[in-house]
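Remarks on the structure that follows.
Protein chains: 2
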Amino acid sequence: MSIGAADSLRTKVAELLVVRASAHSCDAQRNFPLWELSNQQLQRLIGEGVGGVILFGGTSTELLHRTRTLQSWSNKPLLFCADVEEGLGQRFEGGTWLVPPMALGQIYKKDRNHSLRLAERYGMCTGRQARSCGLNWILAPVCDVNSNPKNPVINLRAWGEDPLVVSDLACAFIRGLDSQGVLSCAKHFPGHGDTGVDSHLDLPVLEHDISRLKEFEFRPFKDAITAGVNSVMTAHILLSEIDPENPATLSSAVLTGLLRHQLGFDGLVVTDALVMQAIAKSYGCAQASVMAFAAGADLILMPENPDQAIDAICQALNSGRVPFERLDNALERRRKAISKVEAVSLEQSEKASFPFNEGIESAQDDLFAEALIDASLKIRHSGGIQVNTAGINLVRVDSVLSCPILANSAPTICLPEEIGFQSLLCHPLGISPWQNDSDSPLALDRLGEGPLLIQLFMRGNPFRGDCDSNEPWAAALLQLQREGLLAGLVVYGSPYVCDQLFPLLEPSIPFAYSPGQMPEAQRKALSSLIQPDLSELPSDSEYTYKFTD
Amino acid sequence: MSIGAADSLRTKVAELLVVRASAHSCDAQRNFPLWELSNQQLQRLIGEGVGGVILFGGTSTELLHRTRTLQSWSNKPLLFCADVEEGLGQRFEGGTWLVPPMALGQIYKKDRNHSLRLAERYGMCTGRQARSCGLNWILAPVCDVNSNPKNPVINLRAWGEDPLVVSDLACAFIRGLDSQGVLSCAKHFPGHGDTGVDSHLDLPVLEHDISRLKEFEFRPFKDAITAGVNSVMTAHILLSEIDPENPATLSSAVLTGLLRHQLGFDGLVVTDALVMQAIAKSYGCAQASVMAFAAGADLILMPENPDQAIDAICQALNSGRVPFERLDNALERRRKAISKVEAVSLEQSEKASFPFNEGIESAQDDLFAEALIDASLKIRHSGGIQVNTAGINLVRVDSVLSCPILANSAPTICLPEEIGFQSLLCHPLGISPWQNDSDSPLALDRLGEGPLLIQLFMRGNPFRGDCDSNEPWAAALLQLQREGLLAGLVVYGSPYVCDQLFPLLEPSIPFAYSPGQMPEAQRKALSSLIQPDLSELPSDSEYTYKFTD
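Top line first, the protein sequences correspond to chains A and B. 1576 is the number that our numbering gives the last residue of the first sequence; the numbers go up by one with no jumps. 1576 is the number that our numbering gives the last residue of the second sequence; the numbers go up by one with no jumps.
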């Protein structure tokens, strides 16, 4: 037994926890006060030894301020991580928000080398900005192979549907992160791509046997490990052929048997968030924390009650249920990982002033983000949107509240208004545009006069339980075409929605698709349909080709 | 002629400008990129001598960071101001957002001394938080007497409808600001309370003669000057009896004749924003800047093109159209004002780290904000909202985009959902809830089944051109009552809307009113109707009285 006094044990166990905080300074600003600890809780827990914080929400300026504040509450270097899979701007305003990884998988099919360069720059851009704000651990790349187009939670967060593509791009991304001195994280082991259930809501079950896993799901993880990925995050899925009792996160067969022994990974293993319903529905916080730790996880992410998690792991160690060696190994792995990025943290904390004055997004970052949008934009011009008739701009979003898509004079609203369209937002808290008629589902009398420009923001969004909603957009497009009322269609997000709807369109209907939903993607998609400079656009046929292959 | 070389003149004139910036660090984060200068523009203009910045948008943490960055671009202390008439949180997330001044005017009627203490604390809370974030000049108090209930732009920004009430409360507020070492600003001289036109959109005309002005509009300004207010902001209104040619902002008769000579004000006179349509519709930027300066304004706020404004004023001085004495006087007044708050700025810039870790809102601020909500909340309980029937929670807002009212799990949505109500947002970009029937204006078939809880967020909002919308809510309430479908009514904001709608309600209909629209006001108003603890509530009759007197 290598550990002495009880309070010292508690401090050491606490080091393995990663708790959730808002990047906002003030408790009242938390977007999710049920999940984001208060300042008082954070200060106490960090003072008691908690070693990691996952951050959500706020701006890049606030994030930097926040990581400094949190670090000041500890006497050891902390791990600061965030789910910035799509650039820092995905979570923190002011950072660069990049098109989803799936867009690079599409580019890969056309030009592998170009896509690999882009993926490495994707990692560099994300890593540099994250580090500038005090983050030292990026919870990416997603190494899941999105073999199920109906996947409600991975979908276009994945680099593609092919293990080789995912593997190549994920490894390039890891090189990019490495070059910026931040830790990487391959997720969600052993592969969350073939699930039809959102693990935020329930536990997905996968029936793949070991040979299928080795052939398909493991490939990107194996290559990421070879490429030196610093950590691996577990999946909250049940592999009925591997361990029919325990979800992967809590399974020794998966974490120790497969990940450590078969794949030979000796870096940090971190659980996915234990508050997710896939785990929390069936396991208490203490139970789940101990099981994950016993199974081989080094770091425990977002247990509902951090104190319970620490106490339960201490008890499991003291009672002999879990050997102290597990604790030593986990702490040693954390120490090694921290040492790789510590120089960066120290350098930062010594700087008296802020390292950036005018935002962290450099002109190059901005150009890179634009280039990614350009490279993944699909347009069928068809003469452009007719501007001689006022019409309705129907914009469908998952939510209008705190919606970064619609922030700052969103082009999706402003550009159609400039040519006389009146905007209508369609969202779950709005009056329904639907009527009970499967052939003519749109209640046109509610929408106003004139042709409709339809803009759909649809992608797999965690917590929503589906990836493309159950709204009858296909029938609605046919209805509008029958009535001669479809001015155009723009899809932002899911390539699967695009592939489903595009073939329904008559050739005369202008169409655009971007995997990105950010304002700049809106501007590019719309301005190409509204103010087309035909000389700069590839011919329609080339673009049409992309949709029909 | 007291000023020598041309470049030196330009630098001195530049000092009189106040330009607009976002508190966000990054250009791409600006909420109004047409009005908020880019970092490049700001750095150049401040380097060339521009002496003041008005800030909008962002969080309190960003604001502090921003004022430091902007100050670092100058070799002299800058004026940093903001329109935080309702607490720092009105403009900057994380600051305390207080109920509008009009609420204190209501409390004044019941307990003058209590309301004066509250107004002074209102100033202390605003001043302390602003100063913590680097602001040194508060563009408040509003000294307008809101004698026109249909005023689209002042309304509940005013402390009341009675000159004496406004005067007393404004002076108490000034004492509060003074105690925190920030400059105050009485606005909008000579009084913007009796206008039916929004000066953001057009030029209001007032026909009051000098004796009416002296009796009524001047009272709060005169008392504020006696109380030592540091600056006075001009109104963009035309006083046909005083100067039938020039709006007050550009009128020597008003600024020099009335304000300087008759009221004896020797502090800073600042224009309201020159980009507002009341001025910009009829006067070019150069012309307006020169006219305002010649008329007696010391500081020029938000000229559309700062370079043009500077050049035009230089030319007016050099050509002799405006005497150099005006420049000397304006610079001297600015110097005096800055010297009052400079000690504060220096103290701040010397601090290496941020002065607040966990947000600037203290526990006392929070309690104060709550106390103001409690003191201005009006409830008629009527048995509370029935929870045994699912219903529709219809929430009417001016806009759903970037809407602080609806941020962070807004109680207006979450609390009714907890008792089975389904929320529907009603806003200008949504599908209309209205049908063409003046007796039954609500299209009930679009809203779903069950009784409706109606929540109206309505107040005079600049740029909207009206104070209570033209939506037929009165008829809608009568329609719902006829159909037995009105579950309750909550009004947030305008006391005039409250006074208009409350008398229409049957005694059995639960009702609440708060002048505040912030989430905490929502929580207090709704929870009193939904989960009433009757023992703590005053009797219905007492509350009913307030609406009928």
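The beta carbon of each residue, even a glycine, is placed where N, CA and C say it ideally should be.
> Which residues in chain B sit within 8 Å of R1362(A), going by Cβ to Cβ distance?
Replying inline: Residues of chain B passing the Cβ test: none, with the nearest at roughly 27 Å.
> With respect to 7 Å, is the separation between the Cβ of Y1135(A) and the closest non-hydrogen atom of the ligand GTP below this value?
Replying inline: This structure simply doesn't include the ligand GTP, nor any ligand for that matter.
> What does T1086(B) touch in chain A if you count any residue whose Cβ is under 9 Å from its own?
Replying inline: Think of a sphere of 9 Å around the beta carbon of T1086(B): the chain A residues whose beta carbon falls inside it are H1051, S1052, C1053, Q1056, G1085, T1086, T1088, E1089, in chain order.
> What residue ranges within the segment 1414 to 1446 of chain B form continuous beta strand (DSSP E) runs of no fewer than 3 residues, ordered along the chain?
Replying inline: The segment 1414 to 1446 of chain B contains, as complete beta strand (DSSP E) runs of 3+ residues, the segments 1419 to 1423 (chain order).
>> Which complete beta strand (DSSP E) runs does the segment 1285 to 1338 of chain A hold, if anything under 3 residues is left out?
In response: Complete beta strand (DSSP E) runs here, min 3: 1295 to 1297.
> chain B beta carbons: is any one of them nearer than 8 Å to that of L1479(A)?
Replying inline: Not one chain B Cβ lies under 8 Å of L1479(A).
> Taking the alpha helix (DSSP H) that H1092(B) falls in, what are its first and last residues?
Replying inline: Where H1092(B) is concerned, the enclosing alpha helix (DSSP H) stretches over 1087 to 1099.
> Which partner residues of S1258(B) appear in the DSSP bridge assignment?
Replying inline: Looking at the DSSP assignment, S1258(B) forms a beta bridge with C1212(B), L1295(B).
> At what residues does the beta strand (DSSP E) containing L1480(B) begin and finish?
Replying inline: L1480(B) -> beta strand (DSSP E) spans 1479 to 1485.
> So which residues on chain B does E1388(A) lean against when the C-beta distance must stay under 7 Å?
Replying inline: Near E1388(A) (Cβ distances below 7 Å), the residues of chain B are C1053, A1055.
>> Contact criterion: CB-CB distance below 8 Å. Does H1092(A) meet it with respect to chain B?
In response: By this cut-off, H1092(A) is an interface position.
> Roughly how many whole angstroms lie between the Cα atoms of D1425(B) and V1524(B)?
Replying inline: Approximately 14 Å between the Cα atoms of the pair.
>> What does the alpha-carbon distance come out to for the pair G1547(B) and L1421(B)?
In response: The residue you asked about is not Gly; residue 1547(B) is Glu in the sequence shown. Whole-angstrom Cα-Cα distance: 19 Å.
> So the alpha helix (DSSP H) I1412(A) belongs to, where does it begin and stop?
Replying inline: Counting along the chain, I1412(A) sits inside no alpha helix (DSSP H), nor does DSSP assign it H or E at all.
> Taking three-plus beta-carbon pairs below 8 Å as touching, is the segment 1345 to 1352 of chain A in contact with the segment 1323 to 1337 of chain A?
Replying inline: Judged by pairs of C-beta atoms under 8 Å, the segment 1345 to 1352 of chain A does not touch the segment 1323 to 1337 of chain A, as fewer than three such pairs exist.
> Taking the continuous beta strand (DSSP E) assigned at Q1449(A), which residues delimit it?
Replying inline: Unbroken beta strand (DSSP E) run through Q1449(A): 1449 to 1453.
>> Is the beta carbon of V1169(A) closer than 8 Å to that of E1112(A)?
In response: For the 8 Å CB-CB criterion, E1112(A) and V1169(A) form a contact.
> Under a three-way DSSP split, which group does I1269(B) fall into?
Replying inline: In this structure, I1269(B) counts as coil in the three-state DSSP scheme.
> Would you call G1447(B) buried or exposed, if buried means 16 or more other Cβ atoms sit within 10 Å of its Cβ?
Replying inline: By the neighbour-count criterion, in which 16 or more other beta carbons inside 10 Å mark a residue as buried, G1447(B) falls on the exposed side.
>> Looking at chain B, is there any beta carbon in it that lies within less than 8 Å of the beta carbon of I1458(A)?
In response: Chain B contact via Cβ: present.
>> DSSP has V1517(A) in a bridge; who is on the other side?
In response: Q1482(A), A1539(A), per the DSSP bridge assignment.
> Short check: CB of L1344(B) to CB of L1036(B), under 8 Å?
Replying inline: Contact flag set, yes.
>> Just checking: is the beta-carbon of G1447(B) within a distance shorter than 8 Å of some beta-carbon in chain A?
In response: False, the Cβ-Cβ gap to chain A never drops below 8 Å.
> Can you name the residues that DSSP bridges to V1080(B)?
Replying inline: DSSP, once it has assigned bridges, lists V1046(B), F1107(B) as partnering V1080(B).
>> For I1557(B), report the span of its alpha helix (DSSP H) as first-last.
In response: Residues 1546 to 1557.
>> I want to know whether the segment 1196 to 1210 of chain B touches the segment 1278 to 1290 of chain B - three or more CB-CB distances under 8 Å.
In response: The answer is no - the segment 1278 to 1290 of chain B does not touch the segment 1196 to 1210 of chain B, with fewer than three Cβ pairs under 8 Å.
> Of the choices L1471(A), G1218(A), A1109(A), whose alpha-carbon is the least far from that of L1504(A)?
Replying inline: Closest by alpha carbon: L1471(A).
> Going by beta carbon distance, what residues of the same chain come within less than 6 Å of F1200(B), once the five residues before and after it are set aside?
Replying inline: Within the same chain, F1200(B) has close Cβ partners A1146, Y1149, G1150, P1168.
> What is the C-beta distance between M1485(B) and G1520(B), in whole angstroms, given that I count them as a contact (C-beta under 8 Å)?
Replying inline: That belief holds up - the Cβ atoms of M1485(B) and G1520(B) are roughly 5 Å apart, short of 8 Å.
> When DSSP labels each residue in this structure, what does L1469(B) get in the three-state scheme?
Replying inline: Here L1469(B) sits in strand by DSSP.
>> Tell me which residues of the segment 1065 to 1076 of chain B have at least one Cβ-Cβ distance to chain A shorter than 7 Å, keeping chain order.
In response: Residues of the segment 1065 to 1076 of chain B whose Cβ lies closer than 7 Å to any Cβ of chain A, in chain order: N1066.
> Cα separation between L1553(B) and P1438(B)?
Replying inline: Approximately 8 Å between the Cα atoms of the pair.
> By the criterion of Cβ-Cβ separation under 8 Å, what are the contact partners of L1451(A) in chain B?
Replying inline: What L1451(A) touches in chain B: L1456, G1457, I1458.
>> Would A1305(B) pass as an interface residue toward chain A - the criterion being a Cβ-Cβ separation below 8 Å?
In response: Using beta-carbon distances, A1305(B) does not count as an interface residue toward chain A, since no partner is under 8 Å.
> How about S1467(B): is its C-beta nearer than 8 Å to some C-beta of chain A?
Replying inline: Using beta-carbon distances, S1467(B) does not count as an interface residue toward chain A, since no partner is under 8 Å.
> Should the segment 1258 to 1269 of chain B be regarded as contacting the segment 1213 to 1220 of chain B, the criterion being three or more beta carbon pairs within less than 8 Å?
Replying inline: Three or more pairs of CB atoms, one per stretch, sit closer than 8 Å, so the segment 1258 to 1269 of chain B contacts the segment 1213 to 1220 of chain B.
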